[in-house]
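Q: Can you read through this structure? Questions will come right after.
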Amino acid sequence: MKILATYNIKGGVGKTASAVNLAHVAAGRGNRVLLWDLDPQGAATFYFRVKPKVKGGGEALLTGRRDLGDVIKGSDYDNLDIVPADFSYRHLDLMLDETKKPLARLRKVLSSVADEYDYVFLDCAPSISLTSESVFRAADALLVPVIPTTLSIRTFDQLDAFVDENPDIVRKLKILGFFSMADARKRLHRELADELRQQRPELLATQIPMDTDIERMGIHRQPVTAISARSRPARAYQSLWDEILERL
Amino acid sequence: MSEFHKFVVDGSPDIELEELAIHLGLHETEAEELERRFFDTPDGRLHAMGATLEVRNPVEYPMMRSLVWMRGGQVLASGRVDASFAPGFAETLPAGPAFDRLREVIEMRRLLPVVEVRSRLSVAAYLDSEEKTNARVMIDLPTLPDGRPLPAVLEVRSVRGYESETDRLLAHLDARDGFDATDLSTADFARSMLGAPPFVPSKFSVHVEVSASSAEVWVTVMRELHNAMIANFAGTVDDVDSEYLHDFRVAVRRTRSVLQEGRDVLDAGAREHFRAGFKWLGDITTPTRDADVHLLDYPHMLAALSPQYAAALAPLGELLLDRQRACQAQLATDLRSAQRAQLGAEWAEFLAGDGPWAGRSTDAADADRPAREVVASRIARAHSRLVRDGRSIDAQSPPVALHDLRKDAKRLRYLLECFGSLFPAEVLAVAVRPLKSLQDVLGEFQDTEVQAHALADFGRQLDDAGSSTETILAMGGAIEQLSVRSARARREFASRFSNFDGASVNDAYDLLTNASKKQRRKKKR
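For the record, the sequence lines run as chains L and C.
All letters in the first sequence, in the order written, are residues 118 to 365 by this note's numbering.
All letters in the second sequence, in the order written, are residues 515 to 1039 by this note's numbering.
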């Protein structure tokens, strides 16, 4: 079981869209996929029409009072299951802080379903906190969507600095950055993307375009890869998944 | 886990299902007319796990052909395939982790076409107020390719986490006439209607009456083994896959073992005659089985080597394949020979008590004794011998001591397998488990030694044929890998034997063999 977390310190960069669509693409290829919506806003949960409620809240899961398997909900798609968001996740840092070995906790909780899934996607809330550190320890790779804007790139640098300064937390974590919400019509996006690619050749080649089809996900409450598998963003997510597999 | 329910729809399924869909507000998501070709292994592994594997060919979109592996209403793996695709061995399946799981199930067996049907298949969603799918309902209206209708099937699979929401739907189906729960699949119905032959089970099982006499039980067991030989004969001759020969050989070896244990139970003349006959039959199958084992092990051998060495071993792969083909051709000839046919006919007559064996009186002293008593004494002897020989093996013992012990273990195992139903299952399980574990390590030690010798021989052949230095070096690497495995098995032996020779296991054997306290004390010494 590989654990992949869509993560960025900054919000609104396409983390949830990436988690939802990549999970759908991976499941569509016959992999057994679990998506855990760790963001109390519950956008991923909303897209899959699941109620954002976990009995006993996040605390029950973290303390082991409730098995992760008991709260998993099937999606409308074969091989794709969801751990819904819960409003209590807003206190996840506090809950983790009260557990033994908080950094190892998330991985331990996920280990109970290790035989059931090939890939787990963690859709993280934007922050850098104890929860993120626990995610870093649990995950095999961070999928980091970056909008080609100055501010977004700055947060990528902050993540890099954190990784450099905390090798004991990140261990063998792979950082897979890719451009998201890229608007080819904007000169600034093109220039910044080119500049950043030169600085960071390890960035994934695929970029997810800014596209109204992605925005329509909220109306259809479906992944864009399900609404229109041949659309430009859907093809971009499929190609992104191919690249991620090569790097894993 | 999601729940799965299946129903056969009686009466006029079209009308019944339409009414049902309207009543429950089902939302149809897919509807297709399909040509479906189902596949399974010769021993029905997919059927046994409640799964199906099929190539689906949409009638309206023949280019959208797909391979679909399903269980419990859930797609476990699917992938597009082209018109020329036909599943066979594991390597013919599409790449990816989902089909890797299917590869693990079928192992070395070949997937064969089982049956063809034509279906009007529709899938509907049972939605909640959020329009979230709580259950999927699949409706299958199938016919045979010649148009004969098969039972209409309705499947309900609740989505994980929404099981209770599906109750209303299930309650409705339970209350409604014409919907009968079933475990059978459309492929099962088609096989049944066409009178398709049963799968050939790899696992041997025979039930014998505890109160029966030894002579009756021996013949019952030998008949079942004969049936296993017959079931695997054609697949062995045609080389459908290596497991047919494996199972055929196991049936022959067990028959030889049962004959060996049949002293004072069977007619002495017949026993000697057939022991010689089945020894011959076993011997003619050995070169092909050895060649099969080399071929089956070849990919593992490559995986254990560096990519450079693995690439250099390609000539060995070709040599092994040529050798297997040559051995198989000879085996097919031998199995079609008059000598084999005569053995088969004589054996069938003997088991039926006909022909030259009819009315032949037996002076065998144990023939009329209760089978359980006689088998218990055979088990006691085989167990004592295995324990005695095993205890005498230490780190300095020559390899032949372990090879001989392997034969002892096999003898005991065959007794337990062939006559197991005479004994309580729970005691038998305690006796068999550590024996199997011991046999695994003895088998690994023997196999790696034999393979290392064979590889050295192949190396000389390749050298004589002018193979490159890299190939010869790679052969050396492969032999070294086998030596490592052999040494590991040798080290592992002591703990496996100690487990087999433990108090709880010995107690289980004492219970099986009704050993007296005095005998038990003697054994412990």
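Virtual Cβ for every residue (Gly too), placed ideally from N, Cα, C.
Are there 16 or more other CB atoms within 10 angstroms of the CB of Asp389 (chain L), so buried, or fewer, so exposed?
A: This structure gives no information on residue 389 (chain L), because the portion of chain L shown stretches from 118 to 365.
Q: Under 8 angstroms by Cβ, that's how I've got Phe460 (chain C) and Val889 (chain C) pegged, so tell me the actual separation to the nearest angstrom.
A: Residue coverage of chain C in this structure runs from 515 to 1039, which leaves residue 460 (chain C) outside it and unanswerable.
Q: What is the residue span of the alpha helix (DSSP H) that Leu581 (chain C) lies within?
A: Walking along the second sequence from the start, residue 581 (chain C) turns up at place 67. Element bounds for Leu581 (chain C): not the alpha helix (DSSP H) but the beta strand (DSSP E), Ser580 to Arg585.
Q: Span of the beta strand (DSSP E) holding Trp871 (chain C)?
A: By one-based count along the second sequence, residue 871 (chain C) stands at place 357. Here Trp871 (chain C) belongs to no beta strand (DSSP E), and DSSP marks it neither H nor E.
Q: Please check if any C-beta of chain L sits within less than 9 angstroms of the C-beta of His519 (chain C).
A: For the purposes of this step, residue 519 (chain C) is taken as residue 5 along the second sequence, with counting starting at 1. No, His519 (chain C) does not count as interfacial toward chain L.
Q: Taking Cβ positions only, does Glu669 (chain C) come closer than 9 angstroms to chain L?
A: Reading the second sequence from its first residue, position 155 is the one you call residue 669 (chain C). Judged by the 9 angstroms Cβ criterion, Glu669 (chain C) is not in contact with chain L.
Q: Step through the CB atoms of chain L and report whether any lies within less than 9 angstroms of the CB of Arg674 (chain C).
A: Working through the second sequence from its first residue, we reach residue 674 (chain C) at position 160. True, the Cβ-Cβ gap to chain L drops below 9 angstroms.
Q: Give me the subset of the region 631-655 of chain C whose CB atoms are less than 8 angstroms from a CB atom of chain L, sorted by chain position.
A: Of all residues in the region 631-655 of chain C, Ala639, Glu644, Glu645, Lys646 and Thr647 have a Cβ within less than 8 angstroms of some Cβ in chain L.
Q: Using a threshold of 9 angstroms, state whether the C-beta atoms of Ala258 (chain L) and Ile120 (chain L) are closer than that.
A: Taking the first sequence and counting its residues from 1, one reaches residue 258 (chain L) at position 141. Taking the first sequence and counting its residues from 1, one reaches residue 120 (chain L) at position 3. Yes, these two residues count as a Cβ contact at 9 angstroms.
Q: Taking 9 angstroms as the threshold (C-beta atoms), are Tyr206 (chain L) and Gly173 (chain L) in contact?
A: Working through the first sequence from its first residue, we reach residue 173 (chain L) at position 56. Working through the first sequence from its first residue, we reach residue 206 (chain L) at position 89. Result no, Cβ atoms of Gly173 (chain L) and Tyr206 (chain L) do not sit closer than 9 angstroms.
Q: Run through DSSP, which three-state label would Arg854 (chain C) get?
A: Looking up residue 854 (chain C) in the second sequence gives position 340. Residue state, collapsed to three classes: helix.
Q: CB-CB under 6 angstroms to Gln838 (chain C), same chain, minus the five flanking residues each way: which ones, in chain order?
A: As a position in the second sequence, residue 838 (chain C) is number 324, starting the count at 1. Around Gln838 (chain C): Ala805 and Leu809.
Q: Would the C-beta of Thr555 (chain C) count as close to the ligand COA, meaning under 8 angstroms from any of its heavy atoms?
A: Among the components of this structure there are no ligands whatsoever, and the ligand COA is therefore not found.
Q: Taking any Cβ of chain C, which residues in the region 136-155 of chain L have a Cβ under 7 angstroms from it, in chain order?
A: The residues in question are Arg146, Gly147 and Asn148.
Q: Just to confirm the assignment: which complete beta strand (DSSP E) runs, minimum length 3, are found wholly within the region 969-1038 of chain C?
A: Complete beta strand (DSSP E) runs here, min 3: none at all.
Q: Run through the region 650-689 of chain C for me and flag every whole beta strand (DSSP E) of 3 or more residues, listed as ranges in chain order.
A: Runs found: 666-672.
Q: Spell out the partners DSSP gives His541 (chain C) in its beta bridges.
A: Taking the second sequence and counting its residues from 1, one reaches residue 541 (chain C) at position 27. Paired residues: C:Ala639.
Q: On the criterion of 16 or more Cβ atoms from any shown chain inside 10 Å, does Asn746 (chain C) qualify as buried, or is it exposed?
A: Within the second sequence, residue 746 (chain C) is the residue found at index 232, counting from 1. Flag for Asn746 (chain C) reads buried.
Q: Are the C-beta atoms of Ser192 (chain L) and some chain C residue less than 9 angstroms apart?
A: Counted from its first residue, the first sequence places residue 192 (chain L) at position 75. Cβ-Cβ to chain C under 9 angstroms: yes for Ser192 (chain L).
Q: Could you give the residue range of the beta strand (DSSP E) that holds Arg594 (chain C)?
A: Looking up residue 594 (chain C) in the second sequence gives position 80. Arg594 (chain C) -> beta strand (DSSP E) spans Gln588 to Arg594.
Q: Within the 9 angstroms Cβ cut-off, does Phe204 (chain L) reach chain C?
A: Along the first sequence, one-based indexing puts residue 204 (chain L) at 87. Not closer than 9 angstroms to any Cβ of chain C, the Cβ of Phe204 (chain L) fails to qualify, so no.
Q: Is the Cβ of Pro611 (chain C) closer than 9 angstroms to any Cβ of chain L?
A: Along the second sequence, one-based indexing puts residue 611 (chain C) at 97. Closer than 9 angstroms to some Cβ of chain L, the Cβ of Pro611 (chain C) qualifies, so yes.
Q: Within the same chain, show all residues whose beta-carbon is closer than 7 angstroms to that of Pro527 (chain C), passing over the 5 residues directly before and after it, in chain order.
A: By one-based count along the second sequence, residue 527 (chain C) stands at place 13. Closer than 7 angstroms at Cβ, skipping near neighbours: Leu655 and Ala666.
Q: Ile245 (chain L): which of L:Ile126, L:Met118, L:Gln355 and L:Ala122 sits nearest, CA to CA?
A: Taking the first sequence and counting its residues from 1, the one referred to as residue 245 (chain L) is at position 128. The option with the nearest alpha carbon to Ile245 (chain L) is L:Ile126.
Q: Using the three-state DSSP reduction, which class does Leu830 (chain C) fall into: helix, strand or coil?
A: Numbered from 1 along the second sequence, position 316 holds the residue referred to as residue 830 (chain C). Three-state DSSP puts Leu830 (chain C) in a helix.
Q: Hey, is Ile336 (chain L)'s beta-carbon within less than 9 angstroms of any beta-carbon in chain C?
A: Position 219 of the first sequence, counting from 1, holds the residue named residue 336 (chain L). Not an interface residue.
Q: Taking the CB atoms as reference points, tell me whether Gly191 (chain L) and Gly675 (chain C) lie closer together than 9 angstroms.
A: Here residue 191 (chain L) corresponds to residue number 74 of the first sequence, with the count starting at 1. Here residue 675 (chain C) corresponds to residue number 161 of the second sequence, with the count starting at 1. Yes, the pair counts as a contact, with Cβ atoms nearer than the cut-off.
Q: Use the C-beta contact count for Val998 (chain C): other C-beta atoms within 10 angstroms, 16 or more gives buried, fewer gives exposed.
A: If you number the second sequence from 1, residue 998 (chain C) lands on position 484. Per the 10 Å Cβ criterion, exposed.
Q: If we count Cβ pairs, one from each stretch, closer than 8 angstroms, do we get three or more for the region 338-351 of chain L versus the region 309-328 of chain L?
A: Flag = yes, the region 338-351 of chain L and the region 309-328 of chain L touch.
Q: Does the separation of the CB atoms of Val230 (chain L) and Leu320 (chain L) fall below 9 angstroms?
A: The residue given as residue 230 (chain L) occupies position 113 in the first sequence. The residue given as residue 320 (chain L) occupies position 203 in the first sequence. Against a cut-off of 9 angstroms, the Cβ pair of Leu320 (chain L) and Val230 (chain L) comes out as no contact.
Q: Starting from Ile361 (chain L), trace the alpha helix (DSSP H) in both directions and tell me its first and last residue.
A: Here residue 361 (chain L) is taken as the residue at index 244 of the first sequence, counted from 1. Arg349 to Arg364 is the extent of the alpha helix (DSSP H) around Ile361 (chain L).
Q: Just the C-alpha distance for Gly147 (chain L) and Tyr124 (chain L), rounded to the nearest angstrom, thanks.
A: What you label residue 147 (chain L) is simply residue 30 of the first sequence in a count that begins at 1. What you label residue 124 (chain L) is simply residue 7 of the first sequence in a count that begins at 1. If you take the alpha carbons of Gly147 (chain L) and Tyr124 (chain L), they lie about 25 angstroms apart.
Q: Cβ of Asn1028 (chain C) less than 9 angstroms from any chain L Cβ?
A: Residue numbering aside, residue 1028 (chain C) sits at position 514 when the second sequence is read from its first letter. Cβ-Cβ to chain L under 9 angstroms: no for Asn1028 (chain C).
Q: Check Phe959 (chain C) in the structure and name its three-state DSSP category.
A: Here the question's residue 959 (chain C) lines up with position 445 in the second sequence. Helix.
Q: Taking buried to mean at least 16 other C-beta atoms within 10 Å of its own C-beta, is Pro913 (chain C) buried or exposed?
A: As a first step, residue 913 (chain C) is located in the second sequence; it is residue number 399 there, counting from the start. Per the 10 Å Cβ criterion, exposed.
Q: Which runs of the beta strand (DSSP E) fall wholly inside the region 275-337 of chain L and span at least 3 residues, in chain order?
A: With a minimum length of 3 residues, the continuous beta strand (DSSP E) runs that stay inside the region 275-337 of chain L are 291-296.
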